[in-house]
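K.L.:
Structure provided below as structure tokens; questions to follow.
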Amino acid sequence: MASRISAQLDGMWASVSALTAESPASAFEEFADFFEPNATVYFMGVTAPPAVGREAILLTIKGLVTYWSL
24 MASRISAQLD GMWASVSALT AESPASAFEE FADFFEPNAT VYFMGVTAPP
74 AVGREAILLT IKGLVTYWSL
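Structure, rendered in structure tokens:
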């Protein structure tokens, strides 16, 4: 079980580290697929509103990647 979780985390980090502002939508969707459809993710920290659901995860990660690519 631990090796399966470790492999999933490795895959998630590989996916997110490859994202750029120019990445195709499919790359962002691949990253979002690591989360449950109704996942709540605090990308901006616990004092900011969370991303709830895959659509919000996609929008938030695209915004973060664009922001940090400046």
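Residue numbering for the sequence shown follows this note's numbering, starting at 24 and increasing by one per position. Idealized CB from N, CA, C, for every residue including glycine. This one's a predicted model, so the numbers in the text were calculated from it and none came from an experiment.
Thinking residue 38 and residue 59 are a contact (beta carbons under 8 Å), I'd like their distance in whole angstroms, please.
P.N.:
With a Cβ gap of about 16 Å, residue 38 and residue 59 do not count as contacting.
K.L.:
If you draw a straight line from the alpha carbon of residue 65 to that of residue 45, how long is it in whole angstroms?
P.N.:
Taking the straight line from one Cα to the other gives about 24 Å.
K.L.:
Suppose the cutoff is 8 Å on Cβ atoms and the five residues either side in sequence are ignored; what does the same chain contact list for residue 31 look like?
P.N.:
Same-chain partners within the cutoff: 57.
K.L.:
Considering just the uninterrupted stretch of the alpha helix (DSSP H) at residue 109, what are its terminal residues?
P.N.:
The structure shown does not extend to residue 109, since the chain is modelled only from 24 through 93, so no value can be given for it.
K.L.:
Out of 48, 26 and 55, which one is the CA nearest neighbour of residue 35?
P.N.:
Closest by alpha carbon: 55.
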